Amino acid sequence: MTSASMPKTFMTGGLPAADLVATVIDNKYKMAIPLDRQRRTFRELGLEVAEPTLCYWVAKAANCVELVYDRFLKLLRGQQYLHGDETPIQVLREPGKTPTSKSYLWEMRSIEAAEQSLVFFHYATSRSEKVAQSLYAGYQGTLVCDGYNHLPPEVIRAGCWAHVRRKFYEATNGIKSQMSLGRQFVKLINRLFAIERHTNGISECERLDVRQRKAVPIVEQIFQLVEQTQVIAKSKLGRAIQYLLNQKQALMVYLTDPQVAISNNVAERSIRPTVMGRKNWLFSTSQKGAKINAIFLSLMESAEANGLNYRKYLMTLLEEMPQLSSSEIDTKLEDYLPWNQRIQRICVD
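Put into structure tokens, the structure is as follows:
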């Protein structure tokens, strides 16, 4: 008589099964339910589990899937077009910083038309140029973002007209004598977005033709209006115009490249769950916790971008990846990316 050896798990010697931990992670990042609130729910169901124990489960799960997270970054750096954004977060225990100081979660994601859709979040202590240069090191493509002025020289930066419109919209509630001018800029920018909506579903050549014929004259009209406008430099309208002038070269990129989006809205939509979750989590206690948040937010947004059920995707990773030997990791890691046919079949939402 022989007995089969126990399959390896993501938590050697641990009691929780992959589906339980996947549910905890799904609740935290998709439903924005803090671990302490989940602990109280478990207690009502008859399971006594301490919050530090839940934190330990999540940390062990992050160790298990970190290689997939790292592969996301490598693959994104190989894509020709990307979106980038960042949002402030709070980390209580950071060397040389007070608990109330800001840290940042940087986002890098595929364009909407990409064959392989990925979203990657990176925790950093600041939004300095060093972080941007490190995150986009080796990248040679076009990045739609807001005001990153210190990217590697190989990166083509494309601006976001939604950010420009937002600043002029704010100016419509500024100094009375300049409110109507702010509205003129908003109306012109709205026409650019209206043109762009009519390019959905057409070929790249047709989109470029539409932009050249219809959008270019409006952009020229916007900058002619700037030349004709006298403003108070520190007013809302003055700051909006200065922002527009500072971003002029980047804002023009979409007019000559049909694969570049007019705005960075797709990145802002991906980062919104982080903003909503932040209101519930409030902060990360440690830098390790902030990195774990970045890992699971990356997996969640990438899963949803590929039509996967996040909980099923996590459960598959936690159950199967520990079974891979060290020699199999490099060759079989591709089998666990969100667009893999088997993953699509068993983890569909």
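Position in the sequence shown (first residue = 1) + 146 = my numbering. Just so it is clear, CB atoms sit at the ideal spot from N, CA and C, and this is done for glycine as well. Since the model is a prediction, treat every value here as computed from it, not as a measurement.
If you compare alpha carbons, which of Arg-273, Val-406, Lys-154 and Thr-477 is closest to Leu-354? The residue labelled residue 354 in the question sits at position 208 within the sequence shown. Measuring from the Cα of Leu-354, the nearest candidate turns out to be Val-406.
Using the DSSP secondary-structure output, state which residues sit across from Val-265 in a beta bridge. What you label residue 265 is simply residue 119 of the sequence shown in a count that begins at 1. DSSP, once it has assigned bridges, lists Arg-255 as partnering Val-265.
Whole-angstrom distance between Pro-419 and Glu-253, CA atom to CA atom: For this step, residue 253 is matched to residue 107 along the sequence shown. For this step, residue 419 is matched to residue 273 along the sequence shown. Answer to the nearest angstrom: the Cα atoms are 12 Å apart.
According to the neighbour-count rule (16 or more other Cβ atoms, all chains shown, within 10 Å of its Cβ), is Lys-313 buried or exposed? Translated into positions along the sequence shown, residue 313 becomes position 167. Per the 10 Å Cβ criterion, buried.
Between Arg-185 and Leu-200, how many whole angstroms is the CB-CB distance? I'm expecting something under 8 Å. Taking the first residue of the sequence shown as position 1, residue 185 is located at position 39. Taking the first residue of the sequence shown as position 1, residue 200 is located at position 54. Right, the Cβ-Cβ distance comes to about 6 Å (below 8 Å), so this counts as a contact.
Do you know how far the Cα of Arg-255 is from the Cα of Ser-416? On the sequence shown, residue 416 is found 270 positions in, with the first residue counted as 1. On the sequence shown, residue 255 is found 109 positions in, with the first residue counted as 1. Between Ser-416 and Arg-255, the C-alpha separation is close to 8 Å.
Any beta carbon of chain B sitting closer than 8 Å to that of Ala-413? The question asks about chain B, but that chain is absent: this structure has only one protein chain.
Let me check one thing: in DSSP terms, what residues is Asp-231 bridge-paired to? Residue mapping note: residue 231 aligns to position 85 of the sequence shown, counting from 1. DSSP lists Glu-253 as partners of Asp-231.
Quick check: what's the CA-CA separation for Ala-413 versus Gly-230? If you number the sequence shown from 1, residue 413 lands on position 267. If you number the sequence shown from 1, residue 230 lands on position 84. Distance between the alpha carbons of Ala-413 and Gly-230 is about 6 Å.
Determine the DSSP secondary structure at Val-237, reduced to helix, strand or coil. Residue mapping note: residue 237 aligns to position 91 of the sequence shown, counting from 1. In the structure shown, Val-237 sits in a strand (DSSP, three-state: E or B).
C-alpha gap between Asp-403 and Thr-246, whole angstroms: Counted from its first residue, the sequence shown places residue 403 at position 257. Counted from its first residue, the sequence shown places residue 246 at position 100. Spanning the two alpha carbons is a distance of roughly 42 Å.
Use the C-beta contact count for Pro-198: other C-beta atoms within 10 angstroms, 16 or more gives buried, fewer gives exposed. On the sequence shown, position 52 is the one that residue 198 refers to. Pro-198 should be labelled exposed.
First through last residue of the alpha helix (DSSP H) which encompasses Ile-302: Here residue 302 corresponds to residue number 156 of the sequence shown, with the count starting at 1. Taken as a continuous stretch (DSSP letters only), Ile-302 belongs to no alpha helix (DSSP H), being part of the beta strand (DSSP E) at 302-304.
Rounded straight-line distance, which links the Cα of Ser-471 to that of Thr-477: Walking along the sequence shown from the start, residue 477 turns up at place 331. Walking along the sequence shown from the start, residue 471 turns up at place 325. Thr-477 and Ser-471: Cα-Cα distance of roughly 11 Å.
Looking only at its own chain, which residues have a Cβ that is under 7 Å from the Cβ of Ile-171, when we skip the five neighbours before and after it? Counting from one through the sequence shown, the residue named residue 171 turns up at place 25. Excluding residues within five positions, the ones whose Cβ falls inside 7 Å are Val-204, Ala-207, Phe-442 and Leu-460.
Evaluate the contact criterion for the region 188-198 versus the region 232-248: three or more CB pairs, one atom per stretch, below 8 Å. no
When the distance is taken between beta carbons, is Ala-440 closer than 8 Å to Tyr-269? In the sequence shown, the residue the question calls residue 269 occupies position 123. In the sequence shown, the residue the question calls residue 440 occupies position 294. Yes, Cβ-Cβ distance for Tyr-269 and Ala-440 is below 8 Å.
Quick check: the region 303-317 against the region 262-281, are at least 3 beta-carbon pairs closer than 8 Å? no
Can you have a look at Ser-444 and say buried or exposed, based on whether 16 or more other CB atoms are within 10 angstroms of its CB? Locating residue 444 in the sequence shown gives position 298, where the first residue counts as 1. So Ser-444 counts as buried.
From the DSSP output, in three-state form, read off Val-195 for me. In the sequence shown, residue 195 corresponds to position 49, counting from 1. DSSP places Val-195 in coil when its eight states are reduced to three.
Unbroken beta strand (DSSP E) run spanning Val-362, endpoints: Taking the first residue of the sequence shown as position 1, residue 362 is located at position 216. Val-362 -> not in any beta strand (DSSP E); alpha helix (DSSP H) instead, spanning 362-374.
In angstroms with no decimal places, state the Cα-to-Cα distance between Tyr-250 and Phe-267. Indexing the sequence shown from 1 puts residue 250 at position 104. Indexing the sequence shown from 1 puts residue 267 at position 121. Answer to the nearest angstrom: the Cα atoms are 10 Å apart.
Closest to Val-214 by C-alpha separation, out of Ile-492, Asn-486, Val-494 and Arg-491, would be which residue? The residue given as residue 214 occupies position 68 in the sequence shown. The residue with the shortest Cα to Cα distance from Val-214 is Asn-486.
With three or more beta-carbon pairs closer than 8 Å as the criterion, would you say the region 327-339 touches the region 357-373? yes
Between Gly-284 and Arg-329, is the Cβ-Cβ spacing less than 8 Å? For this step, residue 284 is matched to residue 138 along the sequence shown. For this step, residue 329 is matched to residue 183 along the sequence shown. No. Outside cutoff.
Met-446 burial status per 10 Å Cβ neighbour count (16 or more: buried): Here residue 446 refers to the residue found at position 300 of the sequence shown. It counts as buried.
Identify, in the order they occur along the chain, each residue of the same chain with its Cβ nearer than 8 Å to the Cβ of Lys-437, setting aside the five sequence neighbours on each side. Numbered from 1 along the sequence shown, position 291 holds the residue referred to as residue 437. Ala-208 and Tyr-269, listed in sequence order.
On the DSSP letters alone, give me the boundaries of the beta strand (DSSP E) that Val-377 sits inside. Residue mapping note: residue 377 aligns to position 231 of the sequence shown, counting from 1. Looking at the DSSP string, Val-377 is not in any beta strand (DSSP E), and its letter there is neither H nor E.
Quick check on the burial criterion: 16 or more other C-beta atoms within 10 angstroms. Buried or exposed for Lys-220? Numbered from its first residue, the sequence shown carries residue 220 at position 74. By the neighbour-count rule (16 or more Cβ atoms within 10 Å), Lys-220 is not buried but exposed.
Counting along the chain, where does the alpha helix (DSSP H) carrying Thr-477 start and finish? Locating residue 477 in the sequence shown gives position 331, where the first residue counts as 1. That run of the alpha helix (DSSP H) goes 475-478.
If we call anything under 8 Å between Cβ atoms a contact, is Leu-238 one with Thr-462? As a first step, residue 238 must be located in the sequence shown, where it is residue number 92. As a first step, residue 462 must be located in the sequence shown, where it is residue number 316. Against a cut-off of 8 Å, the Cβ pair of Thr-462 and Leu-238 comes out as no contact.
Arg-357, buried or exposed, once every other Cβ within 10 Å from all chains shown has been counted against 16: As a first step, residue 357 is located in the sequence shown; it is residue number 211 there, counting from the start. Classification of Arg-357: buried, given that the 10 Å Cβ count is 16 or more.
Nearest by alpha-carbon distance to Asn-452: which of Met-157, Gln-262, Tyr-202 and Lys-176 is it? Numbered from 1 along the sequence shown, position 306 holds the residue referred to as residue 452. Asn-452 has its Cα closest to that of Gln-262, out of Met-157, Gln-262, Tyr-202 and Lys-176.
Give me, in chain order, the residues of the same chain whose beta-carbon lies closer than 7 Å to that of Val-494; leave out the 5 immediate sequence neighbours on both sides. Counted from its first residue, the sequence shown places residue 494 at position 348. Correct list, in chain order: Gly-453, Leu-454 and Asn-455.
Take Tyr-315 and list the residues in its own chain whose beta-carbon comes closer than 7 Å to its own, dropping the five residues that flank it on each side. Translated into the one-based positions of the sequence shown, residue 315 becomes position 169. If we look at Tyr-315 and ignore the five residues flanking it on each side, its Cβ neighbours are Val-332.
With H, G and I counted as helix, E and B as strand and the rest as coil, what does DSSP make of Leu-464? On the sequence shown, residue 464 is found 318 positions in, with the first residue counted as 1. Helix, per DSSP.
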